[in-house]
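Here's the structure, in structure tokens; my notes come after.
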Ligand code: CAA
């Protein structure tokens, strides 16, 4: 498989790299400390076309392929994973689902503002009692003829308070299990929709994560995506692509930590020479670089599977499983190479280490990825 990047992909990579250095790096430590959402940066990413990268230009998107998207995700995540998760959720979990399964009217009304970055979206599947066990939805969407009445609580919702448009998964008919679940488009401001408190997190602290409460929210029937009972399949198909986005985020976090560690090792002296000249450090760099290279191949393979219309459930799960482990391992080693300075916020690597952890948890934990992969292997 040839992963040589095209001229256009190289230009997009450079644009994302420049943006990360010029717009994300300044203030990234302060935003992490203050748990401040990168609102200005998100607005600029919308102007650059990063929020609707794969969406058809007729709906305001950039019309690019998945490979270009993961390249951008890697570059942004090297510097600021709190900003890159906004890109990932908006592109993979919100725009993709709406464009692929939404009606023409839904696309006209909701997809265009999301793809241009005029507004951002959120994907609401997880609940206090339904995280990994996603079919156990307790939120209900009861059919009242021309509208649904939505009740329940969603947890750990990325873009929780910054979003304007929410894709909410809910149970309409419990008897039918996963086939009785629907997905509804809910707008901020609908009566009975309340945004709960912000979570105080270990990592990606600039990303705003909230619980959401729905108390008798009347959602018009025309806001249901797909046929009655399509909600769980919608969620699974959407998350399968989302996992490629998170894999590329993990790859970027690892690559960012590696670059910082290499540069530090080349200038920091101990025992009369730069620490990079000590084999203990040089071998760490060799391992980091090799594992990052392997993770990149898995991420690119999953992205190309999606671009080529192949099944990407397993390749996406493999990419996320592996890249998130590499992100964890690499950032821990980057802190170690920095020694005492690694423990200090100014050197960035401790933040990358904290940010890496979530890539093993959200959009399906590593254990869920192993379920997806092993079930597929055993079906063969
Ligand atoms: N594509 C299409 N259909 C799928 C599918 C896929 N990838 N995966 C499952 N389905 C279908 C199944 O075929 C089945 O339908 P049928 O009965 O018609 O065959 C139905 O969905 C139920 O599937 P399972 O029987 O396999 O269900 P399960 O209870 O065993 O669970 C699971 C499967 C893979 C464990 C699933 O529950 C899962 O992925 N859990 C993790 C959830 C998750 O990733 N949450 C992350 C939250 S989102 C987030 O983090 C966003 C953010 O803000 C950053």
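In this note's numbering, the protein residues as written are 95 to 474.
Note that the Cβ used here is the ideal one computed from N, Cα and C, for glycine as well.
Predicted model, so just to flag it, every value in this text is computed and none were measured.
Item                                                                                                              : Value
C-alpha gap between residue 194 and residue 363, whole angstroms                                                  : 54 Å
Closer than 7 Å: residue 229 CB and nearest the ligand CAA heavy atom                                             : yes
Bounding residues of the alpha helix (DSSP H) (the contiguous stretch that carries residue 115)                   : From DSSP, residue 115 is part of no alpha helix (DSSP H); its letter is neither H nor E.
Same chain only: Cβ atoms within 8 Å of residue 150, ignoring 5 sequence neighbours per side                      : 157, 193
Heavy atom of the ligand SAH within 7 Å of residue 427 beta-carbon                                                : This structure does not include the ligand SAH; its bound ligands are the ligand CAA.
Counterpart residues of residue 340 in DSSP-defined beta bridges                                                  : Residue 340 pairs with nothing; no bridge assigned.
Nearest to residue 171 (by Cα), restricted to the options 286, 445, 403, 213                                      : 445
Option nearest residue 468 by Cα separation, candidates 409, 420, 447                                             : 409
Distance between residue 356 and residue 376 (C-alpha atoms, nearest Å)                                           : 9 Å
Residue 115, buried or exposed, once every other Cβ within 10 Å from all chains shown has been counted against 16 : exposed
Identified DSSP bridge partners for residue 265                                                                   : 234, 275
Option in 317, 337, 431 with minimal Cα separation from residue 239                                               : 317
Candidates 366, 338, 419: closest to residue 401 by CA position                                                   : 338
For residue 280: DSSP bridge partner residues                                                                     : 260
Inter-stretch contact at 8 Å, needing at least 3 Cβ pairs: the stretch 432 to 449 / the stretch 391 to 406        : no
Local Cβ density within 10 Å of residue 287, reported as buried at 16 or more and exposed below that              : buried
Near the ligand CAA: residue 324 beta-carbon under 7 Å from a heavy atom                                          : no
Residue 403: CB within 7 Å of a non-hydrogen atom of the ligand CAA                                               : no
Residue 410, enclosing beta strand (DSSP E) - first and last residue                                              : No beta strand (DSSP E) holds residue 410; the alpha helix (DSSP H) holding it covers 407 to 432.
The stretch 306 to 317 in contact with the stretch 376 to 385 per 3-pair CB rule at 8 Å                           : no
The ligand CAA heavy atom lying under 7 Å from the CB of residue 267                                              : no
Cα-Cα separation, residue 261 to residue 358                                                                      : 43 Å
Beta-carbon spacing of residue 263, residue 277 below 8 Å                                                         : yes
DSSP-derived helix/strand/coil call for residue 303                                                               : strand
Near the ligand CAA: residue 456 beta-carbon under 7 Å from a heavy atom                                          : yes
Beta-carbon proximity list for residue 452, same chain, < 6 Å, skipping 5 on both sides                           : 297, 298
Contacting residues, own chain, Cβ-Cβ under 7 Å from residue 340 (five flanking each side not counted)            : 182, 414, 453, 456, 457
Residues that DSSP places opposite residue 215 in a beta bridge                                                   : 259
Residue 242, enclosing beta strand (DSSP E) - first and last residue                                              : 241 to 252
CA nearest to the CA of residue 322, picked from 235, 372, 215, 198                                               : 235
Residue 294 - DSSP class collapsed to helix/strand/coil                                                           : coil
Residues bridged to residue 151 (per DSSP)                                                                        : Partner(s): none; residue 151 has no beta bridge.
Extent of the continuous alpha helix (DSSP H) to which residue 389 belongs                                        : 373 to 401
Buried or exposed by the 16-neighbour rule on C-beta atoms within 10 Å, applied to residue 202                    : exposed
Closer than 7 Å: residue 407 CB and nearest the ligand CAA heavy atom                                             : yes
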